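Residue numbers (this note's numbering), protein chains in the order written: chain A, 52 to 169; chain B, 4 to 556; chain C, 7 to 785; chain D, 606 to 1189.
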């Protein structure tokens, strides 16, 4: 990721804009995404894993807003609203699933669910 | 606005059906409850009919894909519906048979059908997506119901496990392509696919490349969508989920999300266009080199990993899962090949080849899954509730030709079809992939594809020989018997007949795919209309999706 | 045997015509050319000559299928062969009427293929027969002897009446068909057909007693060794085709004419090496079929077959096919600088080697076999020294007396239950019923030994010796042949003196039906092959003398052996003209007059070879007749230790078989084993590696699918990161390269994208005015 | 009436009929159907215009899959007719030969056998490339089923190996053909897989393109033939297959490879075929000798015959790459003759296996005394296999060798023949255009000896000698080796050693062998009518190849003759001197 953004910076785009603003938003967004990803990969608790995906979703939302602002249209913001909705739906689903799973094994440890393999 | 609605009639029909099904499924009367399936079927047929008769939105890069995709979704959806019989409510209805009280609130029958239809609807929307937001929502609409379907398909822990793996990894994939979408938007300032395509390609025409931000966006979103088609490296869930879900749901997973994924991939890759050559944009008929390398690597890895891992499996569903991965790899070859030169036919248009392959793969995979779905394992001694289980191990198909010759025949035909043996439908699906990739100069890819087909032959032959050639009883102590749902077997038979008949006389299907694969480069006139239509497109599309979004849950 | 009278009549006729021919003083002028005259027509009826035996073969096959248990197959065969012989005489009459010319009798198309207009683009090899005097000569003794020997075999094989009898006569008639094709074919392909056909029949007949492992092995050996020769022959045929554009003799000879002129002038360097190679390749074939060095090893073993077979195929006819080939293709041999030298040396060395082996053997049939090999060597020498006539003449005379010798041996074997060991038989001439055999044997022996002036064998051998000494380049060969002549006389009469005269004694052989060839160790053989005959004690057993058929045939052959003198005793007699009036006549061109110690070589040889022969007989007389009291021992035994290991080596055939076995058979077998191993391990192994690699990959990749959710997530994320890394690296590199050559595409017509404002970034343009606002808003 | 279509579809209909008939009548139906196939074939023979034997006749076209330009296009020229004739002849023989050998799942067996016949007929009749490929590949399935259901102990492995090996090869062939189709589409503007269209396009390709297409084509065909290093599937498949399977495999399926080379490799990529002829011929020659020697050390009779197929088809391959009339027609004849004689050998071995349940040399011997009729046939067909003149094998072997021998004008010049030395002929009169030469023929001819060695080894072991078979230990004392083992087995098999079969061949078995024997004799003694039908198609191929090679050589010739590389002028000269205006 880092390399990616270095590349982005090196390529000198967007030139006329003070690099501070959009770039910082994007960096934060990317950081959120990566943190979410790392969390998702490293944590074993299903709820925390789910929260990490939410973090990744919101990272995307953040950059959408930033871009929307940058482009001075509202498309990005509209998008974010939909993203939030979908995230909510996913949350509902996730929680239901987690409850169901918890009932079965009395645990939220993702590693307990590794019967299928090979 | 009117135009957009006209495009959406099939989805609307499905939505109406969904509502109806949800209500009907709550009925205390068993006869009424049983109407869910016929109603769904009618809904799908109507949707298919509407899709076949709607006009075509010519403003997109793939103007004819929507129609083809929707009809395809309806057609294969119908077969899948036949396969779904009894999946969710078997236990429930058995319980009712034993005298237990029917509790509408605990019944999952209606929801199951509703989810099925929602997902199908998402697929249809995907095919017709003209906007990134639209596409995002359509993809989510396709996926979210399937998570539930997987988890609820049986009462075993395996389904739960499959569901949780599918959901969590799916969410990660979704986040990935969402982030990619955001970057694409950032790079182009628009979410309308036509605008995105025009902007990116104009930039490419100017600078020779599509720019790092757009590229990053496209790469991320493609990688995210790879989850849907179960391509490397996003394939890890596939075998586990396919094995854990009920066979009918597996069949669904093997087709619907994959189809949606390919529609999305084609739309996204279409934004970058296939006009790159050695000297940058406009000097050839290839993808941007970065995207080409990405897809090339993914395609090769996907088909190889899929085929290779399938070799050692003993579970039919896992074999088919890995084969499903491999087939995604094959289809990616078509995406790499691209639409070819102007006015290209099915033989030189990789996109058309992919679309046709989706059809053939859909039919054949329904056929193979129907065999496992139409059988079940019953412990001989008892008739207890938990004693019924799915057929999974390949040995359980042993001697099938003696007991259920029609299922054995279905397995033989469809497995040989998947293998790509001429003159079956699978061969006709693979041939355009071959020719179009050759036309695009991807000779190495073609050779790898060929060798992979050969590797695949090893396990498909097992699928052929175990049920058809090997005699003797299954090695398990349980009896393998047909399920009491003849429609499952019927779906398989229909698929098998299609595999043969369409192989011999499938020209029409091919022509439709050929037309559907027509790729148009965004034109100057589009840019003129863009400014005029921008408000409508940004306003009109999301509300549609927004209307459906919440209802889908 | 109603055919007998007719047969006798025809024999008389033949003899008459031979005598007539012999008396005919007018002979054709020596012609300098290929010796091929004009073409004349003969009735197509004569095309039936080969096919009548084929009919006999088919009828015998029918008999076998119908399980005939009588002597019907023999009757059919003898009748058909007689008819064939009759036609041959007719053909001879036609040929005789057109000296020097040839006829083509077209039977039917065989290979007739034309795929273009040029010469090279057609291939013609029909079932057409080439009739000239050489053909007639060969066919006369082939069909004649075949008839006689079939008659002999009808009695000889009588113990096997039934399936075996049918089988025998089937193969016998098939042999005559093949031999006729070989001799009469008008093209090299048909010759090849006959060539291999006689090989097959030889195989089938050697292996007639198929239950004997030695017979099966001998049959196989004969076929395989012959095939090696055939390999050379077929290459020669192909080279001839490529060189001359045809397989037909007439055409080949016509095309060879210019080379012949060059050869006569000694301009060898002007004759292409391809032309010169053809006869050498053909020689390989001839040496294979005619059992010459280094391919002679099969013939002694071939004596495993029934004796009539040995007589006809392995003494009189088939083995002379090589001589025929050389004679027929003589024009080609003449245009090759070294071919005839090779032929001569091959023949001479074989003659000597076989004679030395023959001296040390105890099995009389085997002795005859080696003598055949030796005599065939003479025949090749006769051709090789460019004498031309000697070779075919010796073939002709040798055919009669050698067939007779074999048949006499066969009679002995038949009568003494397979006994052939000259140490266990003695004084047969004194036993009742064996007189005719003894006389026949004697006549055969004096012919073979070359007793001067009264035997045909003397004249033909003498011609060869004379020719050899007359050719200055071939004098060493002459000496070799002279030595061989002495050896021949010795070993021939060794047999006669041991077996037919002296004290009467016999031990029956160990078999009633088949014979045994293990001359060296009978006790051992008894153990090995003991069958039903164990029950027959010596006391209870009586030899049974030959019956009328055998005796008749022997008498006829005795007469014929002597009668053959008329054909050869004059240097320009009947045989001479038969040879010179054919394609072999080309060799007359080389007329050498080298002197033998100042004398005319031919005249000198008449004396010298006669002396040598008498000397050989005398030695045999001293060593094996005078004062011999028992069958098993003779004076020679006391001489053996003086010669050291040589007799043992000679008795063991100079260990040539063993040598071949270790030099060729074993290495080839080992090579095959190695190939089989390579095939299994390397070739198939490589294929299996291709099958194994995916599985190995699968085994490697499988642990990645460990079923753990966040491991999956990690792998997915890792994969994504890896792919992104690849892209990023690509972009960086691509940037550099594109920066280096940052020429915007000016020609937009290439792409399907309509001309875009290349220089202007649309985003930059459209966003520029708003950007200020955006900055404000962000602030 | 379209007899050709009937011929193609009759077995398929028969298969459907068998599938729906009771088990017991399966073999009767199959026999009837395969015999009935003779009717349309004979009708075709009658209607075929033999004067124009190189021209595709009975053209039948129907649209199949329009978007890809696939059509259902059938036709026949004389080569097709010959090979179809072989297929039709072997059909009833295979069915009848299986009467007693197949006792389980007869319906499946006969149905697939009939399907196989359709597929094989189709391969030869197809004139659309993809249709060809369809039939080509579809032969795999029936064969797979026949081997893996009715084969011997290791049948599943053999079946899978057979399928995968040939499938892998033919996929690359498909890629090559698809590439040609692509070139054709680029040239014509529309997609078509018609032979003629593809041929035109392929011949127009550059040498570099042709080279790769040639290699791709050869991979599949070489596996199918099989050419030397790609042959290991064949002995395995043969050993494991049921008798009829082996017969079909040897008789027809292997010919698909050589037929493919003839139709595609030589006609589509003539220049590459010319250039690579030596390489292929080397493989052929190595195969002849190598496989022949391997035959010699086999312990299983069937494996010996299987390896002999590899060896024999080496002759076929060198004949093909001789690229002259004699070689090509010899090669086509070889396809027929090998089918007849090797097919018959497999039948004979099958008959033994049915009686004694073994194919081991160690356990069998001296059958001549027990089975004279069988032995007669065995020796007959063994001799046909050896290439004895007068039987069919000789004609083809000789022509292949002769064709190879004369195919090398260039080789002659390299060997020091100076053109123009003797009169008008700058080269030997019998030499033709081609890239092989005497050396190839000389080495290949060594195969004659090798063939004799192993065939006679086989005959000597099982036909001649003291009778020896499992269950017959009367003479076992003569053979100390494996003595106890034999007896043990003998006791076990004594009861059913012969089963329902007579000691010697039954009338049915003789009836199966007689047509083959007659055909062997006929083709051996009177092949002329058959050869004549080959003249025209072969001449057409040769003319094309020569024209293309010449054109290519001229194009490659540098403008300045001084710098011309040594090989090219010789080639040109040779081509110029041997070329005469096209005969037809």
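Here a beta-carbon is modelled for each residue, glycine too, at the ideal position from N, C-alpha and C. This one's a predicted model, so the numbers in the text were calculated from it and none came from an experiment.
Residue range of the alpha helix (DSSP H) that includes residue 154 of chain A
If you number the first chain from 1, residue 154 of chain A lands on position 103. Residues 126-156.
Against chain B, with Cβ distances strictly below 8 angstroms, would residue 1015 of chain D count as a contact?
Looking up residue 1015 of chain D in the fourth chain gives position 410. Annotation note: pLDDT 47 at residue 1015 of chain D (below 50); position unreliable, no value reported.
Measuring CB to CB, does residue 615 of chain D end up less than 8 angstroms from residue 641 of chain D?
As a position in the fourth chain, residue 615 of chain D is number 10, starting the count at 1. As a position in the fourth chain, residue 641 of chain D is number 36, starting the count at 1. Contact flag set, yes.
Leaving out the 5 sequence neighbours to the left and right, which residues in its chain are closer than 8 angstroms to residue 379 of chain B when beta-carbon positions are compared?
Sequence index remark: in the second chain, residue 379 of chain B carries index 376 (1-based). Answer for residue 379 of chain B: 391, 392, 393, 394, 483, 484, 485, 486, listed in chain order.
Cα separation between residue 870 of chain D and residue 763 of chain D?
By 1-based counting over the fourth chain, the position of residue 870 of chain D is 265. By 1-based counting over the fourth chain, the position of residue 763 of chain D is 158. One C-alpha to the other measures close to 28 angstroms.
I'd like to know if residue 707 of chain C contacts chain A, where contact means its C-beta is closer than 8 angstroms to some C-beta of that chain.
What you label residue 707 of chain C is simply residue 701 of the third chain in a count that begins at 1. Under the Cβ distance rule, residue 707 of chain C does not count among the residues neighbouring chain A, no pair being separated by less than 8 angstroms.
When DSSP builds the beta bridges, which residues end up paired with residue 284 of chain B?
Here the question's residue 284 of chain B lines up with position 281 in the second chain. DSSP, once it has assigned bridges, lists B:279 as partnering residue 284 of chain B.
Is residue 116 of chain C closer than 8 angstroms to residue 137 of chain C when the C-beta atoms are compared?
Against the third chain, residue 137 of chain C aligns to sequence position 131. Against the third chain, residue 116 of chain C aligns to sequence position 110. No.
Among the candidates B:104, B:417, B:215, whose CA atom is the shortest distance from the CA of residue 370 of chain B?
On the second chain, residue 370 of chain B is found 367 positions in, with the first residue counted as 1. Distance from the Cα of residue 370 of chain B is smallest, within the candidate group B:104, B:417, B:215, for B:417.
Along chain D, in chain order, which residues have C-beta atoms closer than 9 angstroms to that of residue 121 of chain C?
Counting from one through the third chain, the residue named residue 121 of chain C turns up at place 115. Under the 9 angstroms cutoff, chain D gives 929, 930, 931, 933, 934, 1139, 1140, 1141, 1143, 1144, 1147, 1188.
Drop a sphere of 10 angstroms on the beta-carbon of residue 761 of chain D, count the other beta-carbons inside from all chains shown, and report buried for 16 or more, exposed for fewer.
Locating residue 761 of chain D in the fourth chain gives position 156, counting from the first residue. With 16 or more other Cβ atoms within 10 Å, it is buried.
Within 8 angstroms, strictly: CB atoms of residue 358 of chain C and residue 558 of chain C
Locating residue 358 of chain C in the third chain gives position 352, counting from the first residue. Locating residue 558 of chain C in the third chain gives position 552, counting from the first residue. Taking 8 angstroms as the cut-off, the Cβ atoms of residue 358 of chain C and residue 558 of chain C do not count as close.
Report the residues of the stretch 233-255 of chain B with a CB closer than 7 angstroms to any CB of chain A, ordered along the chain.
Of all residues in the stretch 233-255 of chain B, 243, 246, 247 have a Cβ within less than 7 angstroms of some Cβ in chain A.
Could you name the residues that DSSP lists as bridge partners for residue 195 of chain B?
In the second chain, counting from the first residue as 1, residue 195 of chain B sits at position 192. Bridge partners of residue 195 of chain B: B:134.
Compare the C-beta of residue 167 of chain B against all C-beta atoms of chain A and say whether one is closer than 8 angstroms.
The residue you call residue 167 of chain B lines up with position 164 of the second chain. Chain A contact via Cβ: present.
Hey, how far is the Cα of residue 374 of chain B from the Cα of residue 320 of chain B?
Locating residue 374 of chain B in the second chain gives position 371, where the first residue counts as 1. Locating residue 320 of chain B in the second chain gives position 317, where the first residue counts as 1. Approximately 11 angstroms, taken between the alpha carbons.
DSSP three-state assignment for residue 463 of chain B, whether helix, strand or coil:
If you number the second chain from 1, residue 463 of chain B lands on position 460. Helix at residue 463 of chain B.
Quick one: list the residues of chain D neighbouring residue 482 of chain C, beta-carbon separation under 7 angstroms, in chain order.
Counting from one through the third chain, the residue named residue 482 of chain C turns up at place 476. Chain D residues near residue 482 of chain C: none, gap ~32 angstroms exceeds 7 angstroms.
If you draw a straight line from the alpha carbon of residue 249 of chain C to that of residue 758 of chain D, how long is it in whole angstroms?
Counted from its first residue, the third chain places residue 249 of chain C at position 243. Counted from its first residue, the fourth chain places residue 758 of chain D at position 153. Cα atoms of residue 249 of chain C and residue 758 of chain D: separation of roughly 54 angstroms, rounded to the nearest angstrom.
Report the neighbours of residue 489 of chain B on chain C: residues whose CB is nearer than 9 angstroms to its CB, in chain order.
Position 486 of the second chain holds residue 489 of chain B. Contacts between residue 489 of chain B and chain C, judged by CB atoms closer than 9 angstroms, are missing: the closest CB pair is about 35 angstroms apart.
What residues in its chain sit with their C-beta under 8 angstroms from that of residue 69 of chain A, if we drop five residues either side in the sequence?
For the purposes of this step, residue 69 of chain A is taken as residue 18 along the first chain, with counting starting at 1. Because the pLDDT at residue 69 of chain A is just 49, under 50, the model does not fix this residue reliably, and the point stays unresolved.
Residue 664 of chain D, enclosing beta strand (DSSP E) - first and last residue
Start at 1 with the first residue of the fourth chain, and residue 664 of chain D comes out as number 59. Per DSSP, residue 664 of chain D belongs to the beta strand (DSSP E) from 662-670.
Would you kindly report the start and end of the unbroken alpha helix (DSSP H) that includes residue 329 of chain C?
In the third chain, residue 329 of chain C corresponds to position 323, counting from 1. Taken as a continuous stretch (DSSP letters only), the alpha helix (DSSP H) holding residue 329 of chain C covers 327-334.
Tell me which same chain residues have a C-beta within less than 6 angstroms of the C-beta of residue 896 of chain D, skipping the five on either side of it?
Here residue 896 of chain D refers to the residue found at position 291 of the fourth chain. Only residues of its own chain outside the window of five on either side were considered, and among them 912, 915, 916 have a CB closer than 6 angstroms to the CB of residue 896 of chain D, listed in chain order.
Taking its Cβ as the centre, do 16 or more other Cβ atoms sit within 10 Å of residue 165 of chain C, making it buried, or is it exposed?
For the purposes of this step, residue 165 of chain C is identified with residue 159 of the third chain, where counting begins at 1. Residue 165 of chain C comes out exposed.
Can a CB atom of chain G be found closer than 8 angstroms to the CB of residue 725 of chain D?
Absent here is chain G; the protein component of the structure consists of chains A, B, C and D.
Does the distance from the C-beta atom of residue 462 of chain C to that of residue 567 of chain C stay below 8 angstroms?
Within the third chain, residue 462 of chain C is the residue found at index 456, counting from 1. Within the third chain, residue 567 of chain C is the residue found at index 561, counting from 1. Contact annotation: residue 462 of chain C and residue 567 of chain C have beta-carbon atoms nearer than 8 angstroms.
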